[in-house]
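According to the working numbering, the sequence shown is numbered sequentially starting from 10.
Quick reminder that beta carbons are idealized off the backbone N, C-alpha and C, glycines included.
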Amino acid sequence: MPVGVLRPDWLSNATYMGKSVVNGVAVYGYTKQDFIDYYADAETCAPVRWCLLFSEIYLCFSELIYGVDDIYHVITGGSTV
């Protein structure tokens with residue numbers, strides 16, 4: 010199966026699982042082909058969590074947003090700012 014950017018209709022034929030809360034965010038849940046469970050922010054539709062079934066392993070990934078200061082440390086004159 011090819012891997013790449015998702016097509017706009019990638020959730021077609023998915024089953025709606027209802028509204029719930031994930032990581033403190035109200036979400037709409039969808040499941041598709043016994044392979045993926047997808048949770049989108051109920052207000053913005055932004056991804057919140059993806060859960061994938063590989064063989065008998067169920068993996069979940071939560072979307073996290075970091076600011077630049079959370080990822081990078083600027084070093085000036087030998088000290089971290």
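Exercise. Note the first and the last residue of the continuous beta strand (DSSP E) segment covering LEU61.
Key: 56–63
Quiz item: Mind checking whether VAL31 and ARG58 have CB atoms under 9 Å apart?
Solution: yes
Practice problem: Report back the beta-carbon spacing between TYR37 and THR24 to the nearest angstrom; my notes put them in contact at under 8 Å. | Solution: Contact doesn't hold; Cβ gap of about 12 Å is too wide.
Quiz prompt | Span of the beta strand (DSSP E) around ASP43 | solution = From DSSP, ASP43 is part of no beta strand (DSSP E); its letter is neither H nor E.
Exercise. Would you give the residue range spanned by the beta strand (DSSP E) that LEU68 belongs to?
Key: 66–71
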